[in-house]
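One rule links them: number in my numbering = place in the sequence shown (from 1) + 18.
In this text, a Cβ means the ideal position worked out from N, Cα and C, and glycines have one as well.
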Amino acid sequence: MTACAIEGGTAGAATTADPGPEESGEPEEPVGAEKAAEPEGAAEPWAGAPRAPGTFTLTADGAYGARLTAAPGAPGEQRAWYPERWTLDGPEPYAVPLPLHQPEEPDAQVVPLADGRVLIRRRVADRQMFSLLYPTGPATGELTLGAVECDGMTLLPPSPDGSSVYGLSAGDHSSLLWLVAGGAFGPELVAEIPGHCSGGVWLDRAGRMLALDRQLPGGGPVKAVAVDLERNGEVTPLLQIAPASDDRLLLADPDSGLLLIRSDAPGHDRLGWGVLGSCLPVRFPECLRPADVAVTPFAVQPGQMLMPESCAVALRIDGAAGSWVGIWRPQGRRLHQLAAPEGWSAGAGYWSRDGVLHLPYANAATPCAVALIEAPGDDGPLPETVGTGGTCGTDGTGGDAGGTEPSGAVTPPVVCRPVPLGQAPLHRAAPPD
Numbered sequence: 019m020t021a022c023a024i025e026g027g028t029a030g031a032a033t034t035a036d037p038g039p040e041e042s043g044e045p046e047e048p049v050g051a052e053k054a055a056e057p058e059g060a061a062e063p064w065a066g067a068p069r070a071p072g073t074f075t076l077t078a079d080g081a082y083g084a085r086l087t088a089a090p091g092a093p094g095e096q097r098a099w100y101p102e103r104w105t106l107d108g109p110e111p112y113a114v115p116l117p118l119h120q121p122e123e124p125d126a127q128v129v130p131l132a133d134g135r136v137l138i139r140r141r142v143a144d145r146q147m148f149s150l151l152y153p154t155g156p157a158t159g160e161l162t163l164g165a166v167e168c169d170g171m172t173l174l175p176p177s178p179d180g181s182s183v184y185g186l187s188a189g190d191h192s193s194l195l196w197l198v199a200g201g202a203f204g205p206e207l208v209a210e211i212p213g214h215c216s217g218g219v220w221l222d223r224a225g226r227m228l229a230l231d232r233q234l235p236g237g238g239p240v241k242a243v244a245v246d247l248e249r250n251g252e253v254t255p256l257l258q259i260a261p262a263s264d265d266r267l268l269l270a271d272p273d274s275g276l277l278l279i280r281s282d283a284p285g286h287d288r289l290g291w292g293v294l295g296s297c298l299p300v301r302f303p304e305c306l307r308p309a310d311v312a313v314t315p316f317a318v319q320p321g322q323m324l325m326p327e328s329c330a331v332a333l334r335i336d337g338a339a340g341s342w343v344g345i346w347r348p349q350g351r352r353l354h355q356l357a358a359p360e361g362w363s364a365g366a367g368y369w370s371r372d373g374v375l376h377l378p379y380a381n382a383a384t385p386c387a388v389a390l391i392e393a394p395g396d397d398g399p400l401p402e403t404v405g406t407g408g409t410c411g412t413d414g415t416g417g418d419a420g421g422t423e424p425s426g427a428v429t430p431p432v433v434c435r436p437v438p439l440g441q442a443p444l445h446r447a448a449p450p451d
């Protein structure tokens, strides 16, 4: 899929931060001059919670999760880190600790597999070591897979096949893609891709097509490309919004084809959406840029076959008060902001096919739990547009009819029936004279 235009032409120079040279995986810094409204109940994480050095990672189907967590200890005491596996597909979620004879380093990465084992990547000198961990009664079993000699490696999101995990070792001139779990003889080199690659998004349910964000050797813009793992890592263009723009792919839903994109093609870094294989332009809704917060999508509702506009998207919102949850649908043009449960593993969660968002969390009252949030409806009048300055219309005159959409950042959620797809307008009506 090559997205070759922006709906409504180019956008004007609203004040935002310039995008960084690479996508780090962490939320972008908040931008804007004024403090955005925060949902009632949003608060700092529970004070006694140790801050995990990594992220909470889920399998593609949401059945298992894994993270590094800290052993119990007195407040202020240095704690030892160990892997923990969460089982989420049963009647009640529960966590299984997977400690070994010595604590893990804070930069270790863990990824759960569909069979309940947990892959761990450890850095030992100039090598990356890989093992599979699993519970064996009161102890932890460990199956060593092998090592890769490189300075650094990032594990990609678990493959949709449930048994494979890939790692990316990025350099200035080329990037190496490794199959570190699921191969026949330990870590295997899958492809060497010219340029510096980052990101990692799966485009299909079979685990064949992988999207990476690539900057060619010598510099230039960052463009998302598709890597075919069954054709020796053949690379084809995926996003090309403007010749000089940085176009990164953040999320993709194989069922509907919905793509969540970050690009500076509108003149500044923006969140947008498109459809895989579509010739329609990428759209950059105004409601996805509330002031003074960072907005990062982390989950898309599956099962909406050929209906990308109806998919619910979960977003992590980071502001001065902490992190909370946003829910948005392309057809609704409204960002609902909701308080996250205390101790939420910010940016972790998954959707059921019927539109229920599952958010894993742990706090002083419960060591392992999942909060369920039903996606609010988008019926009712749209909120008033938040002024953004020089947004250009299709004629470049600064009008309001050029692909941006009204912001719902300060509007409380309204739970109503969803708008039927056939009645959901995707284009704004022209403003009255």
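Per DSSP, the bridge partner or partners of residue i
{"i": "H354", "result": "I345"}
{"i": "P378", "result": "V388"}
{"i": "P212", "result": "S192"}
{"i": "L228", "result": "W220, V245"}
{"i": "E160", "result": "L151"}
{"i": "R139", "result": "Q127, F148"}
Residue range of the unbroken beta strand (DSSP E) whose run includes residue i
{"i": "V128", "result": "127 to 130"}
{"i": "A244", "result": "240 to 246"}
{"i": "E252", "result": "252 to 255"}
{"i": "P153", "result": "145 to 154"}
Contacting residues, own chain, Cβ-Cβ under 6 Å from residue i (five flanking each side not counted)
{"i": "A283", "result": "I24, I259, A260, S263"}
{"i": "T75", "result": "A84, V129"}
{"i": "F302", "result": "P284, R288, G290"}
{"i": "L234", "result": "G213"}
{"i": "R455", "result": "In the structure as shown, the chain begins at 19 and stops at 451. Residue 455 is therefore absent and cannot be evaluated."}
{"i": "P348", "result": "W291, E327"}
Distance between residue j and residue i (C-alpha atoms, nearest Å)
{"i": "L375", "j": "G236", "result": "42 Å"}
{"i": "L137", "j": "D397", "result": "44 Å"}
{"i": "C215", "j": "L174", "result": "12 Å"}
{"i": "P299", "j": "R232", "result": "21 Å"}
{"i": "R351", "j": "I345", "result": "11 Å"}
{"i": "C386", "j": "G91", "result": "18 Å"}
{"i": "A317", "j": "V240", "result": "23 Å"}
{"i": "E304", "j": "A244", "result": "28 Å"}
{"i": "C329", "j": "A78", "result": "17 Å"}
{"i": "V311", "j": "D336", "result": "5 Å"}
{"i": "D246", "j": "G365", "result": "28 Å"}
{"i": "P101", "j": "P117", "result": "6 Å"}
{"i": "Q322", "j": "S274", "result": "5 Å"}
{"i": "L267", "j": "E95", "result": "40 Å"}
{"i": "S281", "j": "L324", "result": "24 Å"}
{"i": "D6", "j": "T158", "result": "Nothing in the structure corresponds to residue 6, since the chain is present only between 19 and 451."}
{"i": "E58", "j": "V183", "result": "Here the model assigns E58 a pLDDT of 47, short of 50, so the residue's position is not dependable and the matter cannot be decided."}
{"i": "A332", "j": "V343", "result": "7 Å"}
{"i": "A199", "j": "W104", "result": "20 Å"}
{"i": "P93", "j": "Q120", "result": "21 Å"}
{"i": "R139", "j": "L150", "result": "9 Å"}
{"i": "P320", "j": "P153", "result": "31 Å"}
{"i": "P378", "j": "G155", "result": "25 Å"}
{"i": "R97", "j": "E122", "result": "11 Å"}
{"i": "A389", "j": "P176", "result": "22 Å"}
{"i": "A132", "j": "Y82", "result": "7 Å"}
{"i": "P124", "j": "T172", "result": "14 Å"}
{"i": "T87", "j": "S296", "result": "42 Å"}
{"i": "V253", "j": "I279", "result": "19 Å"}
{"i": "L277", "j": "L106", "result": "26 Å"}
Own chain, CB closer than 7 Å to residue i, minus 5 neighbours either side, in chain order
{"i": "L306", "result": "L289, V313, W346, L353"}
{"i": "N250", "result": "A209"}
{"i": "L207", "result": "L194, W196"}
{"i": "E392", "result": "G373, V374"}
{"i": "P115", "result": "Y100, E102"}
Below-9 Å beta-carbon distance, residue i vs any chain D residue
{"i": "E123", "result": "Chain labels in this structure do not include chain D; a single protein chain is all it has."}
Neighbourhood of residue i by C-beta distance below 8 Å, restricted to the same chain and skipping five residues each side
{"i": "V142", "result": "A165"}
{"i": "G189", "result": "H214"}
Continuous beta strand (DSSP E) assignments of at least 3 residues falling wholly in the segment 165 to 207:
183 to 188, 192 to 199
What beta strand (DSSP E) runs, 3 residues minimum, are completely inside the segment 73 to 136?
82 to 88, 99 to 105, 112 to 115, 127 to 130
Beta strand (DSSP E) segments (min. 3 residues) lying fully within the segment 258 to 341
265 to 270, 276 to 281, 288 to 293, 312 to 318, 331 to 337
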